[in-house]
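Participant: Can you read through this structure? Questions will come right after.
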Ligand code: SAM
Ligand code: SF4
């Protein structure tokens, strides 16, 4: 069964990352097309009753949607949910970190692709690095633990910053996860070979730090290392060089109400208007179908949406 549900609460975003969206943004859905919080809560409750243990709230940028803190408070109350996390670009965390913690959020992943203010601006097109660093520190101070950074490495843009990222997480006793860029259709980067493999990153870090592999206790996609002599960690989500399709137990809910069993597929079921029983049946059917595919790797040739911001990264 699915163990993990990622929920996109909005397709809107205050950033325009080059690998995620075109400069003008993705075609926005109207308010009527976006699921109401009550509808999303019904799907999450049903998914948890069907075996989901972890829920991640994402987007677009989840913190730009009004009422997000109260919504997270409601999700946190769902019996049987073991882990509630949020993926955010961090720009609004100074405002929300403490409130989110009080509402019941367990932990947070913050996307940060450069520690150089100009490169950061170039990647996000509009973002301000200082806001995100202040957001990271606010999340740590609020006790959202563990804080993990998500970093997409892009050759020629931020690949020379690997050691700088490690210094940054060692100083804060947090973790960074390097994510290989996935070639979705909405982006303007050249489609192929725009990712840096785990082996290259490990070799680069090993010039300065000793890495100790963490035994894989979970079925998650990340390959994790402890940075010896620190409280910090580094992980890799290498969907291209080390596909994890065989271990994937993820289900996704898009902001307009489609359940997707796989990122690398056009399969999606609109569950708006369904009763909880019908949603449960749909979840069970999608799980059976997904596990019957026995997929070995993703090629991103056919995806349900053109951008991860619409699917809920
Ligand atoms: N706005 C939030 C953020 O940036 O954290 C949440 C949504 S964003 C779509 C979630 C994650 O997807 C981010 O860490 C982002 O770097 C990642 N992402 C977006 N497009 C990607 C792509 N083409 N390849 C790999 N990761 C991507
Ligand atoms: Fe927005 Fe996140 Fe996509 Fe960047 S990666 S444009 S912050 S949704």
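In this note's numbering, the protein residues as written are 183 to 495.
Even glycine gets a Cβ: it sits at the ideal position worked out from N, Cα and C.
Predicted model only: the values in this text are computed from it and were never measured.
(1) Taking buried to mean at least 16 other C-beta atoms within 10 Å of its own C-beta, is residue 325 buried or exposed?
(2) Using CA coordinates, which residue listed in 233, 200, 193 is at the minimum distance from residue 463?
(3) Alpha carbon to alpha carbon, how far is residue 451 from residue 461? Give it in angstroms, no decimals.
(4) Is residue 203 near ligand 2, going by C-beta to nearest heavy atom under 7 angstroms?
(5) If the criterion is Cβ atoms closer than 8 angstroms, does the pair residue 241 and residue 190 meet it?
(6) Measure the Cβ-Cβ separation of residue 272 and residue 336 and say whether it is below 8 angstroms.
(7) Compute the minimum distance between the beta carbon of residue 344 and the heavy atoms of ligand 1, and state whether it is under 7 angstroms.
(8) Considering only heavy atoms of ligand 2, does any lie closer than 7 angstroms to the CB of residue 427?
(9) So does residue 197 have its beta carbon nearer than 7 angstroms to some heavy atom of ligand 2?
(10) In the DSSP assignment, what residue or residues form a beta bridge with residue 419?
(11) Indicate the three-state DSSP secondary structure (helix, strand or coil) for residue 236 in the structure shown.
(12) Quick check for students: name the residue ranges of the alpha helix (DSSP H) that lie wholly in the region 253 to 291, counting only runs of 4 or more.
(13) Would you kindly report the start and end of the unbroken alpha helix (DSSP H) that includes residue 336?
Facilitator: Based on what the coordinates show:
(1) exposed
(2) 233
(3) 10 angstroms
(4) yes
(5) yes
(6) no
(7) no
(8) no
(9) yes
(10) 361
(11) strand
(12) 275 to 285
(13) Looking at the DSSP string, residue 336 is not in any alpha helix (DSSP H), and its letter there is neither H nor E.
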